[in-house]
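Under my numbering, think of the first position of the sequence shown as 379, with each following residue one higher.
All C-beta atoms, glycine included, are put in the ideal place defined by N, C-alpha and C.
Predicted, not measured: the structure shown is a model, and the values here were computed from it.
Report on one structure; see the data block that follows.
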Amino acid sequence: MSNEFRFTSAFLNNCVFIVDGLPQGELQTGLHLHNELRDLSLESASVQLEYRRVSDGGALLQVLEEIHQAARLGCKPIIHFECHGDAAEGVQIGDTKDIVTWDAIEPWLRRINIASGCNLGVVMAACYGLYAITPVKIQRPTPFYFLVGPQDKVQAGTLREEMPAFYRKLLTTQDLDAALACVPSCRPYHAERMLAVSFAKYLKRGCLGKARLERVEKVLTELVWTNAIYSRAQIRAARRILKQRSKAAAHGPAFARYSKTFLAGRSCSFSFEQLLQWVSLST
379 MSNEFRFTSA
389 FLNNCVFIVD
399 GLPQGELQTG
409 LHLHNELRDL
419 SLESASVQLE
429 YRRVSDGGAL
439 LQVLEEIHQA
449 ARLGCKPIIH
459 FECHGDAAEG
469 VQIGDTKDIV
479 TWDAIEPWLR
489 RINIASGCNL
499 GVVMAACYGL
509 YAITPVKIQR
519 PTPFYFLVGP
529 QDKVQAGTLR
539 EEMPAFYRKL
549 LTTQDLDAAL
559 ACVPSCRPYH
569 AERMLAVSFA
579 KYLKRGCLGK
589 ARLERVEKVL
599 TELVWTNAIY
609 SRAQIRAARR
619 ILKQRSKAAA
629 HGPAFARYSK
639 TFLAGRSCSF
649 SFEQLLQWVS
659 LST
């Protein structure tokens, strides 16, 4: 797209879980962050701070289940992962160096996100932490409302310096964009932005201009080849129906279905009409 789609979103987080999976002999950035944020937690009665050290993959999944149960009782968590990461494999936990893949973590986070009303935030303070979004699919509920993590390898000292300011800004202003300015080493994922970009690409590739007409003719050809239609009158009638149904403006109900599923029932912050206007202007 030639210009950025802008909208205002709101989220609610009332608890930060620091899940520390670093080996004992390394720089304890998770514990340092916990100590840094304790004062903020004490200042704001609406923000609860929890710290969990995990020694292996099994312990990590147990903590995620604990957070899931808390979310069912009203917790709107941010889960902060302190561990080593790998773009292809996932996260490495504790002295045992257990590997928990991105695919293995995703269902647990999805359950937490659904239980919290699509308010889960994830901070993946690990090298290549952004790759936690790899299993995300638009056809099922997003595993988190937002995620922040490095796209590449990053020094532990860098995240140690950036993270306290990120949390102070986020938890005192609820402004994710402003908080992201405090962590230049990280990149963001935003569920509603992914929904917008994904559906916009679908509209642009098959529902506008030449692409739409080519799509109509392709479907017509398939109908003729499979003997679904025979006469010229049937072809003309089918073409009229396909042109009508393939219009971008006719895809509002489809967008509503995808939005309801992907955002786990959460109301979308922008309308289909706003998205369609953006797509039309950027085509």
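(message) Could you compute how far the alpha carbon of Val657 sits from the alpha carbon of Lys582?
(response) In a straight line, the C-alpha of Val657 is about 7 Å away from that of Lys582.
(request) Kindly identify the DSSP beta-bridge partner or partners of Glu460. (result) In DSSP, Glu460 forms a bridge with Asp398 and Ala503.
(request) Go through its chain and collect everything with a Cβ distance to Ser637's Cβ below 7 Å, but skip five positions before and after it. (result) So the list reads Leu573 and Cys646, once near-sequence residues are dropped.
(request) Using beta-carbon positions only, say whether His458 and Phe522 come within less than 8 Å of one another. (result) At least 8 Å separates the beta-carbon of His458 from that of Phe522.
(request) Measure the beta-carbon distance from Pro513 to Trp480 and round it to whole angstroms, keeping in mind my assumption that it falls under 8 Å. (result) Right, the Cβ-Cβ distance comes to about 6 Å (below 8 Å), so this counts as a contact.
(request) Could you tell me which residues DSSP pairs with His568 in its beta bridges? (result) DSSP links His568 through a beta bridge to Phe524.
(message) Quick check on the DSSP output: what are the complete alpha helix (DSSP H) runs of length 4 or more inside the region 597-629, in order along the chain?
(response) Correct list: 610-623.
(message) To the nearest angstrom, how far is the alpha carbon of Gln358 from that of Gly472?
(response) Absent from the model: residue 358. The displayed extent of the chain is 379 to 661, so no value can be given.
(message) Just verifying my parser: in three-state terms, what is the DSSP assignment at Leu659?
(response) Here Leu659 sits in helix by DSSP.
(message) By DSSP's criteria, Asp481 is part of a beta bridge. Which residues make up the other side?
(response) Beta-bridge pairing by DSSP links Asp481 to no other residue.
(request) Please say whether Phe650 and Phe633 have beta carbons closer to each other than 8 Å? (result) Between Phe633 and Phe650, the gap from beta carbon to beta carbon is short of 8 Å.
(request) Going by CA-CA distance only, name the one from Gly507, Phe383 and Ala642 that's closest to Lys515. (result) Considering only Gly507, Phe383 and Ala642, the residue with the shortest C-alpha distance to Lys515 is Ala642.
(request) Would you mind stating whether Leu549 and Phe524 have Cβ atoms separated by less than 8 Å? (result) Taking 8 Å as the Cβ cut-off, Leu549 and Phe524 do not qualify as a contacting pair.
(request) Taking only the alpha-carbon atoms, compute the straight-line gap between Pro519 and Ser609 and give it to the nearest angstrom. (result) If I take the Cα positions, the gap works out to 44 Å.
(message) Check whether the region 588-603 and the region 559-577 are in contact - that is, three or more C-beta pairs closer than 8 Å.
(response) Under the three-pair Cβ rule at 8 Å, the region 588-603 does not count as touching the region 559-577.
(request) Just the C-alpha distance for Leu400 and Cys393, rounded to the nearest angstrom, thanks. (result) Roughly 21 Å separates the two Cα atoms.
(request) Would you tell me roughly how many angstroms separate the C-alpha atoms of Met379 and Arg571, rounded to the nearest one? (result) Below a pLDDT of 50, predicted positions are generally treated as unreliable, and Met379, at 42, falls in that range; the measurement from the model is reported next regardless. So the alpha carbons of these two residues sit roughly 13 Å apart.
(request) Please state if the CB of Glu460 and the CB of Ala510 are separated by a distance shorter than 8 Å. (result) Ala510 places its beta carbon 8 Å or farther from that of Glu460.
(request) Let me know if Leu508 comes out buried or exposed under the rule of 16 or more other beta-carbons within 10 Å of its beta-carbon. (result) Under the 10 Å beta carbon count, Leu508 is surrounded by 16 or more other beta carbons and is classified as buried.
(message) Here's the rule I'm using: 16 or more other beta-carbon atoms within 10 Å means buried, otherwise exposed. How should Ser424 be labelled?
(response) With fewer than 16 Cβ atoms within 10 Å of its Cβ, Ser424 is classed as exposed.
(request) Report the partner residues of Ile471 according to the DSSP bridge assignment. (result) Bridge partners of Ile471: Asp476.
(request) Using only alpha-carbon positions, find the residue among Arg635, Glu595 and His629 that is nearest to Ala616. (result) For Ala616, the closest of Arg635, Glu595 and His629 by C-alpha to C-alpha distance is Glu595.
(request) Run the CB neighbour count on Gly436, radius 10 Å, all protein chains shown included, and call it buried at 16 or more, exposed below. (result) Classification for Gly436: exposed.
(request) Express the C-alpha separation of Gly630 and Val575 in angstroms, rounding to a whole number. (result) Cα to Cα, the separation comes out at about 15 Å.
(request) Can you tell me which of the three DSSP states Glu404 falls into? (result) Reduced to three states, the DSSP call for Glu404 is coil.
(request) Could you tell me whether the Cβ of Leu390 comes closer than 8 Å to any Cβ of chain B? (result) Protein chains in the displayed structure number just one, and chain B is not present.
(request) Could you tell me if Gly463 is buried or exposed, where buried requires 16 or more neighbouring beta carbons within 10 angstroms of its beta carbon? (result) Flag for Gly463 reads buried.
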